[in-house]
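Heads up: the sequence shown begins at 28 in the numbering used here, then just goes up one per residue. Glycine included, each C-beta is placed from N, C-alpha and C at the ideal position. For reference, the structure is listed below as structure tokens.
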Amino acid sequence: MANARECRRAMRHAPDYGTWADAAQQLDALTGREDWKAEDESALYDFRMIRARKRQLRRLRERGDTAGLMHELRQGLHWNMGGIGSPYLYAQSLIGTKRLVSDYIDEVCCALTELAATATPANAKQRQHFLEETALSFGRTGLMLSGGATLGLFHIGVIKTLWEHQALPRVISGSSAGSVVAATLGTHTDDEVEAIFDADMARFGFWRGLSPSSIIKRRALMDQAQVRRGIQHFVADMTFEESYRRTGRVVNVTVSPANTAQSPKLVNHVTFPHLCMREAVLASCAVPLVFEPVLLYQRDQHGAKLPFLPNVKWVDGSMKSDLPRLRLRRLHNVNHFIVSQTNPHVVPFLAMRGSRSRGGRAGILRAYALESLKEQSKLLAGLGRDLLPPGGLRNRLDTVHGLLEQEYRGNITIGPNFRLRQFRQMITNPSLQATRDMILAGERATWPKLSMILHQTRISQTLDAAVRQVQGAARQAGDAGVQRRQLKTG
Numbered sequence: 028m029a030n031a032r033e034c035r036r037a038m039r040h041a042p043d044y045g046t047w048a049d050a051a052q053q054l055d056a057l058t059g060r061e062d063w064k065a066e067d068e069s070a071l072y073d074f075r076m077i078r079a080r081k082r083q084l085r086r087l088r089e090r091g092d093t094a095g096l097m098h099e100l101r102q103g104l105h106w107n108m109g110g111i112g113s114p115y116l117y118a119q120s121l122i123g124t125k126r127l128v129s130d131y132i133d134e135v136c137c138a139l140t141e142l143a144a145t146a147t148p149a150n151a152k153q154r155q156h157f158l159e160e161t162a163l164s165f166g167r168t169g170l171m172l173s174g175g176a177t178l179g180l181f182h183i184g185v186i187k188t189l190w191e192h193q194a195l196p197r198v199i200s201g202s203s204a205g206s207v208v209a210a211t212l213g214t215h216t217d218d219e220v221e222a223i224f225d226a227d228m229a230r231f232g233f234w235r236g237l238s239p240s241s242i243i244k245r246r247a248l249m250d251q252a253q254v255r256r257g258i259q260h261f262v263a264d265m266t267f268e269e270s271y272r273r274t275g276r277v278v279n280v281t282v283s284p285a286n287t288a289q290s291p292k293l294v295n296h297v298t299f300p301h302l303c304m305r306e307a308v309l310a311s312c313a314v315p316l317v318f319e320p321v322l323l324y325q326r327d328q329h330g331a332k333l334p335f336l337p338n339v340k341w342v343d344g345s346m347k348s349d350l351p352r353l354r355l356r357r358l359h360n361v362n363h364f365i366v367s368q369t370n371p372h373v374v375p376f377l378a379m380r381g382s383r384s385r386g387g388r389a390g391i392l393r394a395y396a397l398e399s400l401k402e403q404s405k406l407l408a409g410l411g412r413d414l415l416p417p418g419g420l421r422n423r424l425d426t427v428h429g430l431l432e433q434e435y436r437g438n439i440t441i442g443p444n445f446r447l448r449q450f451r452q453m454i455t456n457p458s459l460q461a462t463r464d465m466i467l468a469g470e471r472a473t474w475p476k477l478s479m480i481l482h483q484t485r486i487s488q489t490l491d492a493a494v495r496q497v498q499g500a501a502r503q504a505g506d507a508g509v510q511r512r513q514l515k516t517g
């Protein structure tokens, strides 16, 4: 077995998850964390409740008591039941957590799978109703991809890891650079997804400056036509409804009106089904003063492309709604959020929060100092905005206040550990090697969070699979009933 230093070095330079996980497991064993996992007891969660519920579910399942099993599941299924969703449970070891937590989740999933597998024509409708109600109550996980310009390549590494471990949520939102990645996913089927992870495919030069005369004329620094070409390279020419029908992925793109008097919009197949995805992504990438505002387009009932609200232009969605939690909750029943965060004005706060959670006194002081600075800046921006007349500087302060007021974290937040030189690359066209490095950085940042992600998404995925299975059984039972009635009347 390697020593602790060798394990840490192997983790830092791991080319894939398997290598990283082997080193992490060895280091957990060397530091006594494997013993901690084996013990049920901990003040970090209600181990007595979880142990009792696990035993009760197993007892009911082994007895074949489906009525009791359904009652037990329906009244107490929650992703944070007994505190098992607490991030502190996953901060004690490098990989995994208490085995009791893993065993409990296994037992819940076994029970749900068995309920679906034992559905009969006589009880299929009842099982379908139970599983659909339970899934609605339990909620679902959403993946939110932030802005960050070229640093958005980091998102591809996050998605690659989730995809490889069957943990990629169906509900995905994206703002600015994140919208490009979300829309690319939304227009590629499961059979096509792996092509997205290829650095040769992911690399594209979005940035091209304008001449001085064009800057004055367009009131923008960069050539939007180049961004449009990049979006066309990644995103198929579809409406949001067409994308959903093709892939089953629920893609959400945030856009903000150039006129601050209007509110930001979350565009998806429910809210604006006929909007063209490419133009929505282009608008979400239109950072004010860097790119021109954008007209949105829609397709009419004949398939013709027409302007949507011809008098309104749209800009970068992350200005006011980088991570649209509330709308995702209302529209898609999302109550658990995985965030891939690369915004340069946010990442330092994430790093400080990480220092605080690790418990060092210096980290705690830095974190609180930075949080205090953020709150004071928000207060000053809000005060200035409220004192000034509409237009001009007030609009600028309104944008600043919107940026500071947002919550940029999720239940699970994945952020980069970039150096200053990488942040300087955010408005440059990356080399092939830089593209590979940023994708790998996304993978490496996701690996330490993967145990928590897999645990917290597994029950909802099992519920979804069980619902689909029982819906099929219910349809077959209905078809058989129709045939019997036809034979009797015939």
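Next on the checklist: Taking 8 Å as the cut-off, does the segment 483–503 touch the segment 139–157 (at least 3 CB pairs, one atom from each stretch)?
Outcome noted: With contact defined as three or more Cβ pairs closer than 8 Å, the segment 139–157 and the segment 483–503 are in contact.
Checklist entry - With respect to the beta strand (DSSP E) encompassing V282, which residues constitute its N-terminal and C-terminal limits? => result Position 255 of the sequence shown, counted from the first residue, corresponds to residue 282. Taken as a continuous stretch (DSSP letters only), the beta strand (DSSP E) holding V282 covers V277 to P284.
Checklist entry - Of all Cβ atoms in chain C, is any one closer than 8 Å to the Cβ of G166? => result Looking for chain C here will not work: only one protein chain is present.
Checklist entry - Got a sec? Which residues, its chain only, sit under 6 Å from N370 by beta carbon, not counting five neighbours each side? => result Taking the first residue of the sequence shown as 1, we reach residue 370 at position 343. Counting only Cβ-Cβ distances below 6 Å, and skipping sequence neighbours, we find S173, G174 and G175.
Next on the checklist: I'd like the list of long-range same chain contacts for T455, defined as Cβ closer than 8 Å, with 5 residues on each side in sequence excluded.
Outcome noted: Within the sequence shown, the letter at position 428 stands for residue 455. For T455, where only same-chain residues beyond five positions count, the Cβ hits under 8 Å are T177 and W234.
Checklist entry - Nearest CA to the CA of D218: which residue from N150, A209, T274 and H301? => result Here the question's residue 218 lines up with position 191 in the sequence shown. Taking only the C-alpha atoms, the option nearest D218 is T274.
Item to check | Pairwise C-alpha distance: I365 and S69 | outcome: Sequence index remark: in the sequence shown, residue 69 carries index 42 (1-based). Sequence index remark: in the sequence shown, residue 365 carries index 338 (1-based). Taking C-alpha positions only, S69 is separated from I365 by approximately 26 Å.
Item to check | Cutoff 8 Å; reference M76; Cβ partners in own chain excluding five residues on either side | outcome: Taking the first residue of the sequence shown as position 1, residue 76 is located at position 49. These residues qualify, in order along the chain: M108 and G109.
Next on the checklist: Taking 7 Å as the limit between beta carbons, can you name the residues of its chain near Y117, skipping five residues before and five after?
Outcome noted: Looking up residue 117 in the sequence shown gives position 90. Only T124, S478 and M479 meet the Cβ criterion.
Checklist entry - Leaving out the 5 sequence neighbours to the left and right, which residues in its chain are closer than 8 Å to C34 when beta-carbon positions are compared? => result Counting from 1 along the sequence shown, the entry for residue 34 is found at position 7. In chain order, A50, A51, Q53, L54 and L57 place their CB closer than 8 Å to the CB of C34, counting only its own chain and leaving out the 5 sequence neighbours on each side.
Item to check | Cα-Cα separation, H260 to A229 | outcome: Position 233 of the sequence shown holds residue 260. Position 202 of the sequence shown holds residue 229. Those two C-alpha atoms are separated by around 9 Å.
Item to check | Cβ neighbours of H192 in the same chain (closer than 7 Å, five flanking residues each side left out) | outcome: Mapped onto the sequence shown, residue 192 falls at position 165. The beta carbon of H192 is closer than 7 Å to those of L477 and L481 in its chain, skipping five residues each way along the sequence.
Next on the checklist: Under 8 Å, with one C-beta from each stretch per pair, do the segment 245–257 and the segment 309–316 reach the 3-pair mark?
Outcome noted: Result yes; three or more Cβ-Cβ pairs closer than 8 Å.
Checklist entry - Ordered along the chain, which non-local residues of its own chain (more than five positions away) have a Cβ less than 6 Å from that of G344? => result By 1-based counting over the sequence shown, the position of residue 344 is 317. Take G344, set aside five residues on each side of it, and the residues of its chain with a beta-carbon closer than 6 Å to its own are S202, T281, V282, S283 and S311, in chain order.
Item to check | Environment of A146 [buried if 16+ CB atoms lie within 10 Å] | outcome: Within the sequence shown, numbered from 1, the residue matching residue 146 stands at position 119. By the neighbour-count rule (16 or more Cβ atoms within 10 Å), A146 is buried.
Item to check | Collapsed DSSP secondary structure at V373 in the structure displayed | outcome: Within the sequence shown, numbered from 1, the residue matching residue 373 stands at position 346. In the three-state reduction of the DSSP assignment, V373 falls in the coil class, being assigned neither a helical nor a strand state.
Item to check | CA-to-CA distance, H363 to A468, given in whole angstroms | outcome: Along the sequence shown, one-based indexing puts residue 468 at 441. Along the sequence shown, one-based indexing puts residue 363 at 336. Cα to Cα, A468 sits roughly 24 Å from H363.
Checklist entry - What residue from L104, S241 and A149 has the CA that sits closest to V317's CA? => result Locating residue 317 in the sequence shown gives position 290, where the first residue counts as 1. Of L104, S241 and A149, the residue nearest in Cα terms is S241.
Item to check | D343: first and last residue of the uninterrupted beta strand (DSSP E) it sits in | outcome: Residue mapping note: residue 343 aligns to position 316 of the sequence shown, counting from 1. Looking at the DSSP string, the run of the beta strand (DSSP E) that includes D343 is W341 to D343.
Checklist entry - I think K11 touches S113, with their Cβ atoms under 8 Å apart; what is that distance to the nearest whole Å? => result No information on residue 11 is available, as it lies outside the stretch 28 to 517 that the chain covers here.
Checklist entry - Exposed or buried, what is A222 when buried is set at 16 or more other beta-carbons lying within 10 Å of its beta-carbon? => result For the purposes of this step, residue 222 is identified with residue 195 of the sequence shown, where counting begins at 1. By the neighbour-count criterion, in which a residue is buried when 16 or more other Cβ atoms sit within 10 angstroms of its Cβ, A222 is exposed.
Checklist entry - What residue ranges within the segment 112–185 form continuous alpha helix (DSSP H) runs of no fewer than 4 residues, ordered along the chain? => result Taken in chain order, the unbroken stretches of alpha helix (DSSP H) that lie wholly in the segment 112–185 and span 4 residues or more are 126–144 and 151–165.
Item to check | Straight-line Cα distance separating M465 from G232 | outcome: Against the sequence shown, residue 232 aligns to sequence position 205. Against the sequence shown, residue 465 aligns to sequence position 438. For G232 and M465, the distance between alpha carbons rounds to 15 Å.
Checklist entry - Does the Cβ of I486 have 16 or more other Cβ atoms within 10 Å, making it buried, or fewer, making it exposed? => result In the sequence shown, counting from the first residue as 1, residue 486 sits at position 459. Buried is the label assigned to I486, since at least 16 other Cβ atoms lie within 10 Å of its Cβ.
Item to check | Beta-carbon proximity of F267 to V308, cut-off 8 Å | outcome: Mapped onto the sequence shown, residue 267 falls at position 240. Mapped onto the sequence shown, residue 308 falls at position 281. No, Cβ-Cβ distance for F267 and V308 is not below 8 Å.
Checklist entry - Can the beta-carbon of L195 be found closer than 8 Å to that of I183? => result Along the sequence shown, one-based indexing puts residue 195 at 168. Along the sequence shown, one-based indexing puts residue 183 at 156. Contact: no.
Checklist entry - By the 10 Å Cβ neighbour count, where 16 or more other Cβ atoms means buried, how is Y72 classified, buried or exposed? => result Taking the first residue of the sequence shown as 1, we reach residue 72 at position 45. Result: buried.
Item to check | Start and end residues, beta strand (DSSP E) containing R326 | outcome: Position 299 of the sequence shown, counted from the start, is the residue given in the question as residue 326. In the DSSP annotation of this structure, the continuous segment of the beta strand (DSSP E) that includes R326 starts and ends at L323 to R326.
Checklist entry - Can you tell me whether DSSP reads H482 as helix, strand or coil? => result As a working mapping, residue 482 is identified with position 455 in the sequence shown. In this structure, H482 counts as helix in the three-state DSSP scheme.
Checklist entry - So V361 is in the beta strand (DSSP E); what residue range does that whole segment cover? => result Along the sequence shown, read from residue 1 onward, the residue named residue 361 stands at position 334. In the DSSP assignment, V361 falls within the beta strand (DSSP E) that extends over V361 to S367.
Item to check | Residue burial classification, N519 (beta-carbon count within 10 angstroms, cutoff 16) | outcome: Absent from the structure is residue 519, since the part of the chain shown begins at 28 and ends at 517.
Checklist entry - Cβ of L142 within 8 Å of Cβ of T216? => result Taking the first residue of the sequence shown as position 1, residue 142 is located at position 115. Taking the first residue of the sequence shown as position 1, residue 216 is located at position 189. Against a cut-off of 8 Å, the Cβ pair of T216 and L142 comes out as no contact.
Next on the checklist: Rounding to the nearest angstrom, what Cα-Cα distance links A144 and A37 in this structure?
Outcome noted: Here residue 144 is taken as the residue at index 117 of the sequence shown, counted from 1. Here residue 37 is taken as the residue at index 10 of the sequence shown, counted from 1. Roughly 43 Å separates the two Cα atoms.
Next on the checklist: For T298, count the other beta carbons within 10 Å of its own beta carbon; 16 or more makes it buried, fewer makes it exposed. Which is it?
Outcome noted: As a first step, residue 298 must be located in the sequence shown, where it is residue number 271. Exposed, since its Cβ has fewer than 16 Cβ neighbours within 10 Å.
Item to check | Three-way DSSP call (helix, strand, coil) for L71 in this model | outcome: By 1-based counting over the sequence shown, the position of residue 71 is 44. Coil.
Next on the checklist: Just to confirm my understanding: we take T161, look at its own chain, exclude 5 residues before and 5 after, and list those with CB closer than 7 Å. What are they?
Outcome noted: Locating residue 161 in the sequence shown gives position 134, counting from the first residue. Cβ within range, chain order: L100, R101, L104 and L490.
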